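S.K.: Heads up, the sequence shown stops at 1270 in full-length UniProt numbering, and the numbers go up one at a time, no gaps.
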Amino acid sequence: MFASGLPASAPAIPRTSAAGEPGVLVPRCCLICKTVVEYEELRNCTYCGRPEDFFCIRFCSDPQCHTANCSNHASCWDTHLPGHASVRELHQVVDPLPQLYVNAVTYSEKDAPTQEALHEDDRIAQWFTIRPDASETGVLRLYVSDRFQQLCNPGISDNRWASNQYPSFVSFIGETCVGKSTLLRAMLLMGHVNAKGLLASNTKLTEDQRVVLLKEVLAAQVHGPVTRSANLSHLTDPTSLGVHLYKDVTARPADFDSQSRSAANRSMPILFADCEGFRGGWVKRAKPSPAAPRRPYDRGSHPGRIQTHDGYTVTNRYSQITNMISDLPIQARSYSECGKDGADLFYARFLCAISGVLVFVTKNDTTFHTEMQRVLEWAVSALYQSVNHVAQKTLIIVRNMPGFHAAKLYNEQTLKSALFDNLEPLWQDSPLLREFLSKYNLGHAREAHKIKANDELLKIFFHEVKVCYIPDKARAPTSEAFEQYRQLRSQIERASQGAQEIRQKSWTQYNVPALSHILNRAFEHFRTSDDPFDFYTAARNDNPSPVSISDHIANFLRHLQQLSSIEPGMQSRVISLCLVTWALRHFRQVVEPVDIYYRDMKDCIQTALKKFADVHEQCAFTFPRGSACIVRRLTHDQHCDEHGTRQAGLFQVSGLVERDILDSIQDQFIKQYRHICTFARSSPELPTRDQSSQQRQEVLQEYADVWKVFRSNKTCLTCLQAVPDHVLACGHAYCVRCVQELGRPSRAFESAWIMDRCVLCSRYWPEHGKLVRLKPRCAGVRVLTLDGGGIRGIIEIALLEKLHSRIGLDVPLRDFFDLVVGTSTGGIIALGLTETNIPIAKMKTEFLELAKATFETQRGGFGKVDPFKLTARFLMILHITESIYRRTPLRNSLKRLFGENTRLFSHSSRSARVAVTSTKDKAANRCLISNYNRPSLDEADDFEREDEDTKEMNVWEAGLATAAAPFYFRAYSKPETQKDYIDGALHSNFPGMYALEEVNRIWAIEHAKTPTLDFLLSVGTGLQDREVKIPTPLRIGGFDAICTTFHNNLNSERLWREFHDNPGIPARVRRNSHRLNAKIMGEYVNLDDYRKMKDLDAMVSDQMRSDCGKLPDLASQIANLAEILVANLFFVEPDEDPAAARSAKKALSPSQHTFFGSIRCRLPFNSPGLKALVNKVRGFYHAENPRHGNEGLNRLDWKEIPFTSEQRNGVRTQKKWFAVDFMISTFDPNDTEQVIAVAFKDQAQDMRRSISGFPITLKELKIKAAGRAI
């Protein structure tokens, strides 16, 4: 009913209890007519007394009539009213909404089986818990579920869905039995009430309508945790075990279609965390009653364990949680050696670290001093255990249903005075607080800054302290209790909004993908270490993704501060040079540099300096032992090193950014700009390309020694304006524009450049320069995608081998594609195609050996004698292992295939872009691992790129990350980044849609609709009659949601059909998308049936053989695809000869629009492949296509483009470049598509194939021609 993120199975108030006592929603009995009617037909009286006394408001009181809205008799309500008017005024209808609300949130179930069933339902809300295991020593274990991801990104299908969500945590903490769950339930229900508009001041809803809507909310069963049992034998039972998580419903949904992360498009949901009571001891609760209803998801729960520790029995239901993604021992000594107190400390530190609002619940005034001490001890622990996090937290103290009632406590100031005025110093009986106070006061010399009172101590930890009084409904009118719940809800909302506003101004506001990663790192850190948790590195601020010039300059400064020494003035000189480069690129004539600086640059530089200072600048303080302070400026309150050593003191500026750096940058920019624009000339004019390149090299090489130890994979250091995409052998990366400006055109390839010298470190490679091949500006994009499917990947290799053989040009298959995207086994094949020089036939042998080594032996070593994997499954049931197969054989095979130290991004021999899909952060977020950079790193939550090359993915690691299939292999964890990766099939087993998204990100053209897709070839791993069945141990292992997703995505043929039939995908894209797959005959082939691989290879060959002279369907399809691939080797370049253009235009009408160019080829100059291709070509043709699309191209009015024998022979024997001149003229440049096509000699006479980039309108063609190769 509500899109709240709460499960439909969350516990609700039952209509009746199992014991037969009335619940909240049940009909009630009228006091006068004794008729049982629905709740909305009854009302209480303000004067007549008891809340359980109701009167009919619609039915008449005459027992003989008793009809609704009777005109002859008075209703029961009217009957009970006295006759005297003055007395009558005392009898008013009680607003039913507050009463129904308060009764709902405070309802306690007496029936034990029903209470058990409610707890069973609430298990799905459990986020994490700590419990002792079954060993004699009772080792504490941390159990974590995917609850956060299910609330914030339940589809786990696309990071963009959650990228505009910025959650905030509100944690309810306190002793056991104080009503935390009841309060949280009240806040969630209040959210539903607000969402329905029941309390709006301008509501037009009648009283009856409000009651009906509230009943609908209650009946929807989405209002949160289970309240305390009313059964006398269970009054002391805790209602929450571990930490439960719930999502508020009132947050505005994020604009998921928007690509912007502006504040206007953001959604900021509140997540309520309900923590089990502290100091309550381990849970002591009987096994579930046999009478308790069982829930469907029990079949997927973790195996039962009876765990006994300290005399308490912990049953399966309470020690394990639904959809568990982590079950690991607590190793940090501060928790592991302290039993339940250690678990409490873990909860407190973790929740204090991540929460913006802490709601502390208390009800016993006599223990308030002790409880507040405990809260501050938690705060001290959290303060010491985390750094680089904005500490603007709000503490809300709730005095919940105490033993007496005083209406004056509704006033917040009165309540605060009652709580704190006579409170003894909180540090008095607490060694931890006394130690903190002593250190704090010693670090502050001024008396005014020292802590002397409780309120001063609270201000150290909390930005604001609020209080709220919730009365017991038995001691106060329900209307007053209702208003206090509203007040508490308002306090929480304002505090959460304030915390978000503060974070938004800094770098500490995190969206769901970022927060998923932070939470996973936080769990791992707190589990294993007593050192402080650094939010700066956890949020990967040490790996920024620059999207603007300001960001790139800030990143440049971030790198500089990590060096032991730099030459004076380098910062301002390099930055000013890059500003000169920007000016030369953007202005077509000389402009006064002072005007340029103040109009276009000053604000940019100030923003960059501020970002560096706020986010990246390190405190220059060093501890006596030599360790450095790791606290950043915005979060600095005292010095702290990575081990938690602290010392009072203010942030110390590093000195990297001098006070006069702005003036220095301005002076240097003006000086350099004027120098280069007057170089060897009497009057200012823009320099030539060579002159500009020489100036840049001279300045940059002044700091060659610094550049030798200074690299970045996310900022082009030669211009500080763009993301680099091409890495030289020295490790320095260049953006496309700098390659074109500083490199030299290739003499072998079209749209290619040679980088044989690094202008940063001065290294020179005269014989082995970096060849940078770019997509020609007018060409379209050619895409290959490879599905996942385990050993059935042999089918993909076999199909590609047949396709390559059919092409017959002896050209590497990768040269026919601009982008290759693969998943799982398809990802490994994609890496083999693009990152090695292994022929496709040899790759088949490599794949066979890899699969055999990987799947031959299971865990326990019973591979050959245990074909049904029973041993491995038994080990998983016992929780001894997490997967059937060891990862080591696969890892070793990948290292042998790709090399142990071959970086994916900085590998110098890139000839095609390749990406493999994966899933990170405990399967929470999809991601892409690639050998290229996106031109913009905005919206880069799913893009894996490390700025520091030593942390980058090796090729073998990328193969392992994409192929770590759940159940079959353990997740791959990369130690340098503390990220874990699971098989990409969880999100993109058919990676076609992902590939299309990448096409738009890489080759988006300004002012054009979308990049032209020449073709998308999707290759599958075989068609089978039934889908893969996931074995039961998957669910036993706690991977329910992960494996369900994996299972659903294995049927990639279904995903292909959904893709091809999707009306949201442009028709032209769908027309140019092709599927290549083979039918698997015979019995079903599992992902690990490696013994059947040779049979699958032979099966593809069998399906290619002709039957009675007729070409089989598969062979015909491959022949068709081969022609498409070969035709798209040709493209056009604008190539206008002014004299020839003037001559041609004289013969045309003035209203005709023209385009002059030449047809070129992607194959290298004077290569055997190019010569063989020229021999295949019958001719080139041009036509206009008013209908749009590729259908019916052969019926167009074709005009042949001259391609003479002299031109053919020049390419074949005289070492001439391939270039065929043409001219396009049209009266309709906007709508009519132009088509240039090629015909091959072995085709039918009327058969033609459009070349790369066509069909296209003349307007779009000119837009592309005005751009650059990318």
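Beta carbons: idealized from backbone N, C-alpha and C, even for Gly. Model, not experiment: these values are computed from the prediction.
Applying the criterion that 16 or more other CB atoms from any shown protein chain within 10 Å of the CB defines a buried residue, is Ala448 buried or exposed?
M.R.: Taking the sequence shown and counting its residues from 1, the one referred to as residue 448 is at position 448. Ala448 comes out exposed.
S.K.: Write down every uninterrupted run of the beta strand (DSSP E) in the region 820 to 845 whose length is 3 residues or greater and which is fully enclosed by it, in chain order.
M.R.: Whole beta strand (DSSP E) segments, 3+ residues: zero.
S.K.: If you count every other CB in all the chains shown that lies within 10 Å of the CB of Cys738, and 16 or more means buried, which is it?
M.R.: On the sequence shown, position 738 is the one that residue 738 refers to. Buried is the call here.
S.K.: For Leu819, which residues from the same chain have a beta carbon less than 8 Å from its beta carbon, with the 5 sequence-adjacent residues on both sides left out?
M.R.: Along the sequence shown, read from residue 1 onward, the residue named residue 819 stands at position 819. Within the same chain, Leu819 has close Cβ partners Val781, Arg782, Val783, Leu784, Ala912, Arg913, Val914, Ala915, Ala995, Glu998, Val999 and Ile1002.
S.K.: Rank Lys466, Gln1103, Asn954 and Ile884 by C-alpha distance to the C-alpha of Arg970 and give the top, closest one.
M.R.: As a first step, residue 970 must be located in the sequence shown, where it is residue number 970. When only C-alpha atoms are compared, the closest one is Ile884.
S.K.: Is the CB-CB distance between Gly179 and Asn400 below 7 Å?
M.R.: Looking up residue 179 in the sequence shown gives position 179. Looking up residue 400 in the sequence shown gives position 400. A contact, by the Cβ cut-off of 7 Å.
S.K.: Classify Lys1215: buried if its beta carbon has 16 or more other beta carbons within 10 angstroms, exposed otherwise.
M.R.: Locating residue 1215 in the sequence shown gives position 1215, where the first residue counts as 1. Exposed is the call here.
S.K.: For the candidate residues Glu483, Ser576 and Glu658, whose alpha-carbon lies nearest to that of Pro568?
M.R.: Mapped onto the sequence shown, residue 568 falls at position 568. For Pro568, the nearest C-alpha among the options comes from Glu658.
S.K.: Mind pulling the alpha helix (DSSP H) runs of 4 or more residues that sit fully within the region 55 to 110?
M.R.: Those alpha helix (DSSP H) runs which fall completely within the region 55 to 110 and span 4+ residues are 76 to 80, 85 to 88 and 96 to 106.
S.K.: If you draw a straight line from the C-alpha of Leu1196 to the C-alpha of Lys951, how long is it?
M.R.: To locate residue 1196, count along the sequence shown from 1; it is residue 1196. To locate residue 951, count along the sequence shown from 1; it is residue 951. Approximately 55 Å between the Cα atoms of the pair.
S.K.: In whole angstroms, what separates the C-alpha of Val759 from that of Asn1230?
M.R.: Residue 759 sits at position 759 when you count from the first residue of the sequence shown. Residue 1230 sits at position 1230 when you count from the first residue of the sequence shown. So the alpha carbons of these two residues sit roughly 44 Å apart.
S.K.: From His768 to Asp756, what distance separates their C-alpha atoms?
M.R.: Here residue 768 refers to the residue found at position 768 when the sequence shown is read from its first residue. Here residue 756 refers to the residue found at position 756 when the sequence shown is read from its first residue. In a straight line, the C-alpha of His768 is about 7 Å away from that of Asp756.
S.K.: Give the DSSP-derived three-state secondary structure of Cys629 in the structure shown.
M.R.: Position 629 of the sequence shown, counted from the start, is the residue given in the question as residue 629. Residue state, collapsed to three classes: coil.
S.K.: Quick check: Gly1253 and Thr962, are their CB atoms within less than 7 Å of each other?
M.R.: Start at 1 with the first residue of the sequence shown, and residue 1253 comes out as number 1253. Start at 1 with the first residue of the sequence shown, and residue 962 comes out as number 962. No; because the gap between Cβ atoms is not below 7 Å, this pair is not in contact.
S.K.: In whole angstroms, what is the alpha-carbon distance linking residue 1310 and Asp941?
M.R.: Nothing can be reported for residue 1310: it is not among the residues displayed for the chain, which extend from 1 to 1270.
S.K.: Closer than 6 Å by C-beta to Gln638: which residues in its own chain qualify, once you throw out the five before and the five after it? Chain order, please.
M.R.: Within the sequence shown, residue 638 is the residue found at index 638, counting from 1. Cβ within range, chain order: Arg646 and Ala648.
S.K.: Using a 10 Å radius around the Cβ and a threshold of 16 neighbouring Cβ atoms, would you call Gly1064 buried or exposed?
M.R.: As a position in the sequence shown, residue 1064 is number 1064, starting the count at 1. Classification of Gly1064: exposed, given that the 10 Å Cβ count is below 16.
S.K.: Do you know offhand how far Ser417's Cα is from Tyr101's?
M.R.: Your numbering for residue 417 matches position 417 in the sequence shown. Your numbering for residue 101 matches position 101 in the sequence shown. Near 30 Å, if we compare the C-alpha coordinates of Tyr101 and Ser417.
S.K.: Between which two residues does the alpha helix (DSSP H) harbouring Met1093 extend?
M.R.: On the sequence shown, residue 1093 is found 1093 positions in, with the first residue counted as 1. Counting along the chain, the alpha helix (DSSP H) containing Met1093 begins and ends at Met1093 to Met1104.
S.K.: Does Asn1209 pass the burial test, meaning 16 or more other C-beta atoms within 10 Å, or should it be called exposed?
M.R.: Here residue 1209 corresponds to residue number 1209 of the sequence shown, with the count starting at 1. Asn1209 comes out exposed.
S.K.: In the DSSP assignment, find the alpha helix (DSSP H) that holds Cys738 and state where it starts and stops.
M.R.: Counting from 1 along the sequence shown, the entry for residue 738 is found at position 738. Unbroken alpha helix (DSSP H) run through Cys738: Val736 to Leu742.
S.K.: Closer than 6 Å to a non-hydrogen atom of the ligand MN - does that hold for the CB of Asp1113?
M.R.: Ligands in the displayed structure: none, and consequently the ligand MN is not present.
S.K.: Please state whether DSSP places Ser1158 in a helix, a strand or coil.
M.R.: Residue numbering aside, residue 1158 sits at position 1158 when the sequence shown is read from its first letter. Residue state, collapsed to three classes: strand.
S.K.: So for Gln392, helix, strand or coil by DSSP?
M.R.: Taking the first residue of the sequence shown as position 1, residue 392 is located at position 392. Of the three classes helix, strand and coil, the one that applies to Gln392 here is coil, per DSSP.
S.K.: Touch check for the region 616 to 624 and the region 411 to 425: three-plus C-beta pairs under 8 Å?
M.R.: Judged by Cβ distances under 8 Å, the region 616 to 624 makes no contact with the region 411 to 425, as fewer than three pairs qualify.
S.K.: From Arg1268 to Cys778, what does the alpha carbon distance come to, in whole angstroms?
M.R.: Sequence index remark: in the sequence shown, residue 1268 carries index 1268 (1-based). Sequence index remark: in the sequence shown, residue 778 carries index 778 (1-based). One C-alpha to the other measures close to 9 Å.
S.K.: Helix, strand or coil for Phe1131, going by three-state DSSP, please let me know.
M.R.: Locating residue 1131 in the sequence shown gives position 1131, where the first residue counts as 1. Strand, per DSSP.
S.K.: Checking the sheet assignment: what are the DSSP bridge partners for Tyr246?
M.R.: For the purposes of this step, residue 246 is identified with residue 246 of the sequence shown, where counting begins at 1. Looking at the DSSP assignment, Tyr246 forms a beta bridge with Phe272.
S.K.: Would you identify the three-state DSSP class for Trp765, choosing helix, strand or coil?
M.R.: Reading the sequence shown from its first residue, position 765 is the one you call residue 765. In the structure shown, Trp765 sits in coil (DSSP, three-state: anything other than H, G, I, E or B).
S.K.: Determine, using beta carbons only, whether Cys56 and Ser75 come nearer to each other than 7 Å.
M.R.: For the purposes of this step, residue 56 is taken as residue 56 along the sequence shown, with counting starting at 1. For the purposes of this step, residue 75 is taken as residue 75 along the sequence shown, with counting starting at 1. Yes, the pair counts as a contact, with Cβ atoms nearer than the cut-off.
S.K.: When burial is assigned at 16 or more other CB atoms within 10 Å of the CB, is Ser1250 buried or exposed?
M.R.: Stepping through the sequence shown from its first residue, residue 1250 is reached at position 1250. Buried, because 16 or more other Cβ atoms sit within 10 Å of the Cβ of Ser1250.
S.K.: Who are the near neighbours of His73 in its chain, counting only those whose CB is closer than 8 Å to its CB and skipping five residues on each side?
M.R.: Indexing the sequence shown from 1 puts residue 73 at position 73. Correct list, in chain order: Cys60, Ser61, Asp62 and Cys65.
S.K.: Buried or exposed for Ala112, going by 16 or more other Cβ atoms inside 10 Å?
M.R.: Counting from one through the sequence shown, the residue named residue 112 turns up at place 112. That one is buried.
S.K.: According to DSSP, Ile1256 sits in a beta bridge with which residue or residues?
M.R.: Here residue 1256 corresponds to residue number 1256 of the sequence shown, with the count starting at 1. DSSP, once it has assigned bridges, lists Gln1234 as partnering Ile1256.
S.K.: For Pro546 and Tyr734, what's the separation of their Cα atoms in angstroms?
M.R.: For the purposes of this step, residue 546 is identified with residue 546 of the sequence shown, where counting begins at 1. For the purposes of this step, residue 734 is identified with residue 734 of the sequence shown, where counting begins at 1. Taking the straight line joining both Cα atoms gives about 15 Å.
S.K.: Give me the Cα-Cα distance between Gln165 and Leu519, rounded to the nearest whole angstrom.
M.R.: Position 165 of the sequence shown, counted from the first residue, corresponds to residue 165. Position 519 of the sequence shown, counted from the first residue, corresponds to residue 519. Going from the Cα of Gln165 to the Cα of Leu519 covers about 15 Å.
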